[in-house]
Structures are given as structure tokens and as C-alpha cells.
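What follows is a single structure, written as C-alpha cells, with notes after it.
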Amino acid sequence: MKKFLKWTALTLLIVIVGAVAWFWTPDRDADELRAQYANEASQFIELDNGLTVHVRDQGPRDAPAIILVHGSSASLHTWEPWVERLSDEYRVVTYDQPGHGLTGPHPDGDYSTESFVDTLAGVADNLGLTRFVVGGNSMGGWTSWNYALAHPDRIDGLLLVDASGAPDARPQKVPIGFRIARMPVISSLMQKITPRSMVERSLRQSVSNQDMIDDAMVDRYYDLIRYPGNRAATLARGRADRTIASPETMATITAPTLLMWGAEDTLVPLSAGEWFDEHIPESSLIAYPDIGHIPMEEAPDRSAADVRAWLETLYAQDAIEPVEQAAE
């Protein structure tokens, strides 16, 4: 019996070691990833805290500015459909948040609310933006409304796209990558074992429009999650405390606010958008049938047209005059 148990344990160990060796996915080289995923619009801005942020600043420099913030495990690339459709008349700034894309992990391992807000503020200050519209998707929306609370004098408008942070906004389905990240032992293995198939499955579980997902998109997510330190940052971010919105805090947001939601979002359901709409004083809500968690990629024409119409109203002659930005 002892011999049987010994051989069983040895066999199990061999299987585990073999599986780890088979699925082992080391980090990619940072310089190679920058060469592959940066472009002529990319710049790398070093903030006072030592974080070097990947930023793209596109469109006329004298036009009203919009800073767009991506969601969890995404990158600034998620906003390219809007950049293509809006940068003819607007200055569109996008960047990779700490622990994401080509920015990489925070040097102090700080993934608090204040850290994400300070990163947004640092990007704006470095580019000489004194006033602008700020907007974000999912976790980027959470960063955006927290920035609006901390710096109400800096924003002309707030744009929340399937934003996280509403109380009791429970996901109907959690993508497999997020589920694994919550498992203490297995999540640690994710720092070195991240199958491409899991990345693709998580993406497909997040959207309703499956046609938008292609091999190039899956490859980009798969490559950038393996930027050195990003997987460890994902786990650290998941353990950090998150500020939750309340009726009292949302009531203090006085900026005009556009809420955009995929009606079939199973990660941050439409009820969260309705909650924000109820508690932010000057808000309006657009819901997109047959769309999931990332409307700017699932329905780029419709969503960008709605943003343009809102911006045109926001910056109409009898509304807000864009403030001249400081020189870079």
C-alpha cells in the first residue's frame, strides 16, 4: 500500500511538473514589446514618482482635449476606434495605466485609488492640460470619476463607459481570467502560466459582439499581459482596496456627465449605469442593445457619433468655452 501511494504521489508530481513546463509562459522582452506596440504617436512620460507612462496625444493641439482611460487588463489600444473618429476636431489623449500595457508596474507597487488618480493628473500636467473632458471604460471609468471628485476644477465633462465602482453592481458572469485571479494559490501561478486560450476566452466572455475579436487583438492582450511585471501587478491590484461610489459623493459631481452602457454587459451590468444616472446630477444615459462591456470597440461608429454629439453640445458657444492649454 505504501509503495502504491508512493508511486501515485510520484506520478502526480510528474504530471504537475510536466503541465507547468508545458504551459510556462515567461515575460516578453520590454524593448521588443515597445517596438511592436508603440507607434509614431507614442511617447513615454516619466512622472515624479518614477513611473514611466506610455501616452499617445493625438489631434489638434488647440482643440478641446479628452483624456480616455482604459479598463482592467486592457491598454490604450482599446480607444483607437474613437481616436480615428474624433481626433479630426478634438485632442485625444490616451495612456496605459500602471500595471498595464507598455507602462508596466508601479515602481512602488502602489495600486491604490490615489495612485491611479495621481497618474492621470501627472499625465495631464505633463502635457500642459489645464481643463479637459475625462472619460474611461470599466476600471478606467472608476479612475475617471475618482479624478472628477479629486479635481472638479479641472474637468469640463465626465464620460463613463460601463464604469465600475457602483455599489452592489454584481457581475452576472466573471471572465475566467478574473476568476482565477481571485484564487490565492492558482493566481500566484498566473505570474508565469498564462495560456493564450485563457486570454481569448476572457475577452469573449466580456463582449457581446464576437465579430470584433480577431487573432491580432488576442495576441496584443496576450503579449501585453506578459510585459515584465504586469501579471504581478494584476494580482496586487486585485488585493488593493477600491473606493466605492456613494449617493453622497456622486451628488458632488457637477460636471456634465455622459453615461454609455452596453445593455448586454455581464461584467458591469446596465443597472450600474442606471445607478450612476440616478445619483450624478447632470447626467444622461445611453444604452446600446446587443453590446457588451466595451462599446467603443463593439460599436465604434455608433458610440463615437454619440460622443461627438455630446461634445458639440458641451462646447457650444453658450455652454463651455475650452480653456487655452499651457504650452508643452
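The numbering used here puts the sequence shown at residues 53 to 380.
Idealized CB from N, CA, C, for every residue including glycine.
Buried or exposed by the 16-neighbour rule on C-beta atoms within 10 Å, applied to Asp-317: Per the 10 Å Cβ criterion, buried.
Ignore the nearest five residues each way along the sequence and tell me which others in Trp-327's own chain have a CB closer than 6 angstroms to its CB. Excluding residues up to 5 positions away in sequence, Ala-218 lie with their Cβ nearer than 6 angstroms to the Cβ of Trp-327 in the same chain.
To which residues does DSSP link Arg-108 through a beta bridge? Per DSSP, the beta bridge partners of Arg-108 are Ser-94, Thr-146.
So what does DSSP say about Ser-216, is it helix, strand or coil? In this structure, Ser-216 counts as coil in the three-state DSSP scheme.
Determine the DSSP secondary structure at Leu-179, reduced to helix, strand or coil. Collapsing the DSSP output to three states places Leu-179 in coil.
So what's Ala-357 in DSSP terms, helix, strand or just coil? Shown here, Ala-357 sits in a helix according to DSSP, grouped into three states.
DSSP three-state call for Gly-192: helix, strand or coil? The three-state reading of DSSP puts Gly-192 in helix, counting H, G and I together.
So if DSSP puts Ile-338 in a beta bridge, which residue, or which two residues, is it bridged to? The beta-bridge partner set that DSSP reports for Ile-338 consists of Met-312.
Kindly give me the distance between the Cβ atoms of His-152 and Asn-282, rounded to whole angstroms, as I take these residues to be in contact under 8 angstroms. Contact holds; Cβ gap of about 7 angstroms.
If I'm right that Leu-381 touches Ile-265 with Cβ under 8 angstroms, what's the distance once you round it to whole angstroms? The requested residue 381 is not part of the displayed model; the chain covers only 53 to 380.
As a quick exercise: from Thr-155, Ile-97, Tyr-367, Ser-260, pick the residue whose alpha carbon is nearest that of Asp-342. Nearest option by C-alpha distance: Ser-260.
Could you tell me the alpha carbon to alpha carbon distance between Ser-196 and Ile-245, rounded to whole angstroms? A direct Cα-to-Cα measurement between Ser-196 and Ile-245 gives close to 32 angstroms.
Short check: CB of Asp-148 to CB of His-203, under 8 angstroms? No, the pair does not count as a contact, with Cβ atoms beyond the cut-off.
With H, G and I counted as helix, E and B as strand and the rest as coil, what does DSSP make of Leu-322? Helix.
How long is the line joining the alpha carbons of Thr-301 and Pro-333, rounded to whole angstroms? The alpha-carbon atoms of Thr-301 and Pro-333 are separated by roughly 11 angstroms.
So what's Leu-120 in DSSP terms, helix, strand or just coil? Assigned with DSSP and collapsed to three states, Leu-120 falls in strand.
Are there 16 or more other CB atoms within 10 angstroms of the CB of Leu-363, so buried, or fewer, so exposed? Here Leu-363 is buried, its C-beta having at least 16 other C-beta atoms within 10 Å.
Let me know the secondary structure DSSP gives Asp-317 once reduced to three states. Asp-317 falls in the coil class under three-state DSSP.
Among the residues of its own chain, which have a CB less than 7 angstroms from the CB of Ser-127, if the five just before and after it don't count? So the qualifying residues of the chain are Asp-148, His-152, Gly-153, Leu-276.
So, for Tyr-199: in the same chain, excluding its five sequence neighbours on each side, which residues have a beta-carbon less than 6 angstroms away from its beta-carbon? Val-169, Leu-172, Val-186.
For Gly-151, which of helix, strand or coil comes out of DSSP? DSSP, reduced to helix, strand and coil, places Gly-151 outside both helices and strands of the structure shown, so it counts as coil.
I need the straight-line Cα distance from Arg-86 to Phe-96, nearest angstrom please. Taking the straight line joining both Cα atoms gives about 10 angstroms.
Can you tell me the Cα-Cα spacing of Asp-114 and Ser-139, whole angstroms? About 12 angstroms.
Indicate the three-state DSSP secondary structure (helix, strand or coil) for Leu-210 in the structure shown. It is a strand residue.
Of the residues Glu-92, Trp-134, Asp-160, Asn-91, the one placed nearest Ala-285, counting alpha carbons only: Checking every option, the nearest Cα to that of Ala-285 belongs to Asp-160.
Nearest neighbour of Pro-308, chosen from Val-359, Arg-272, Leu-99, Asn-91 [CA to CA]: The shortest C-alpha separation from Pro-308 is found at Val-359.
Of the residues Ser-94, Pro-150, Ser-167, which one's Cα is nearest the Cα of Val-144? Checked all of Ser-94, Pro-150, Ser-167; the closest Cα to Val-144 is Ser-94.
Just to confirm before moving on: does the CB-CB distance between His-122 and Asn-189 stay below 8 angstroms? Contact check for His-122 against Asn-189 passes: the beta carbons are separated by less than 8 angstroms.
What's the call for Asp-263, buried or exposed, on a 16-neighbour Cβ count within 10 Å? When all chains shown are included, Asp-263 counts as exposed.
Using only the alpha-carbon positions, how far apart do Pro-280 and Arg-80 sit? Arg-80 has its alpha-carbon roughly 7 angstroms from the corresponding atom of Pro-280.
Look at the Cβ atom of Tyr-340, then the Cβ atom of Ala-368, and state whether they are nearer than 8 angstroms. Cβ distance not < 8 angstroms, so Tyr-340 and Ala-368 don't count as in contact.
Which value, in whole angstroms, describes the spacing of the CA atoms of Ala-90 and Leu-322? One C-alpha to the other measures close to 34 angstroms.
Taking 8 angstroms as the threshold (C-beta atoms), are Asp-293 and Ser-447 in contact? Examination of residue 447 is not possible in this model, given that the chain is present from 53 through 380 alone.
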